[in-house]
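All the letters of the sequence shown, read from the start, carry residue numbers 17 to 218 under the working numbering.
Shown next, in structure tokens, is the structure this report addresses.
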Amino acid sequence: MRRTPVVLALALALGLSGCAAKVVGSPVAAGGATSAPSTTASGKPSASGKPTSSGTAKPSATSAAPSGTQSTGKVKIGTRKKSTGPDACGLVTPEDAKVAVGAARVGEPGCILSTEEPYVVVLVLVTFSDFEGQAREFEIGGNTAYEIKDDADCSVIVMLTDDPDEITPALKVDVTPVDEGLDTCKIAVALATKGFERLPNA
17 MRRTPVVLAL ALALGLSGCA AKVVGSPVAA GGATSAPSTT ASGKPSASGK
67 PTSSGTAKPS ATSAAPSGTQ STGKVKIGTR KKSTGPDACG LVTPEDAKVA
117 VGAARVGEPG CILSTEEPYV VVLVLVTFSD FEGQAREFEI GGNTAYEIKD
167 DADCSVIVML TDDPDEITPA LKVDVTPVDE GLDTCKIAVA LATKGFERLP
217 NA
């Protein structure tokens, strides 16, 4: 049975949410980090040990996270990439998606790719570095990257620059399965790596 309407509906939902939503999150360092006391804006420990402010979690080149269960907040850039100008829709090819997913067939090129047998939707963006939930921090090409798992879906964000004034400092690959039993994070990491390699160096 063809599932084209389902795939198109998922692609539309992913595209709209990926372009419109600015979300919050807390990167989590890989491995077993120990917790540290929270600090105020002055850098002194707060009386409660809890964060003194809330807001969007955005990786920063200089800020420190309030807890050891989170990232250090420092972005590592081993290879600075251009985050403005490149067309994200050509960074991951249909063949890349077919190989990473292990699919029998794949759709047309674009920012939204779909595969069949198994059915998977992939969204590729150069976008904000914000995210929701906790993330596994690692590196792609020497740059800080974040893996965010949400049920069966997985997103990988790769930092392209540590410039705090850059509006779209990250490459993001979202993988949403229609079929069950897929390692979507493995697929997302493979495709984010391909996209990162194709971005021109800054």
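Even for Gly, the Cβ is constructed at its ideal location relative to N, Cα and C.
Can you tell me where the alpha helix (DSSP H) with residue i in it begins and where it stops?
i, result
"P193", "Here P193 belongs to no alpha helix (DSSP H); instead the beta strand (DSSP E) covers 186-193."
"C201", "200-214"
Pull up the distance between the alpha-carbon of residue i and that of residue j, whole angstroms please.
i, j, result
"A116", "L207", "7 Å"
"V191", "T95", "24 Å"
"E132", "P216", "31 Å"
"P193", "D178", "31 Å"
"A186", "D166", "19 Å"
"A204", "K114", "12 Å"
"T72", "L129", "Any reading at T72 needs caution, since the residue's pLDDT is 44, under 50, leaving its predicted position unreliable; the model's value is listed next. Whole-angstrom Cα-Cα distance: 29 Å."
"A151", "I164", "5 Å"
"G118", "I93", "31 Å"
"V136", "F212", "21 Å"
"E153", "R121", "32 Å"
"K210", "G149", "25 Å"
"G157", "D195", "30 Å"
"A218", "P102", "11 Å"
"T200", "C170", "6 Å"
"N159", "R214", "14 Å"
"E155", "K202", "14 Å"
Determine the extent of the beta strand (DSSP E) in which residue i is found, giving its start and end residues.
i, result
"V117", "Per DSSP, V117 belongs to no beta strand (DSSP E); it is in the alpha helix (DSSP H), 110-117."
"C170", "169-175"
"G149", "149-156"
"T95", "Here T95 belongs to no beta strand (DSSP E), and DSSP marks it neither H nor E."
"K165", "159-166"
"E132", "128-132"
"T143", "136-143"
Classify residue i as buried or exposed, calling it buried when 16 or more other Cβ atoms lie within 10 Å of its own Cβ.
i, result
"P180", "exposed"
"T50", "With a pLDDT of only 41 at T50, under 50, the local geometry of the prediction cannot be trusted, and the value read off the model is given with reservation. Classification of T50: exposed, given that the 10 Å Cβ count is below 16."
"T100", "exposed"
"E124", "exposed"
"I183", "exposed"
"K188", "buried"
"D112", "buried"
Since residue i contacts residue j with CB under 8 Å, what's their CB separation in whole angstroms?
i, j, result
"V172", "V140", "About 10 Å separates the two Cβ atoms, so there is no contact after all."
"A104", "V142", "5 Å"
"K90", "L176", "Wrong, their Cβ atoms sit about 16 Å apart, outside the cutoff."
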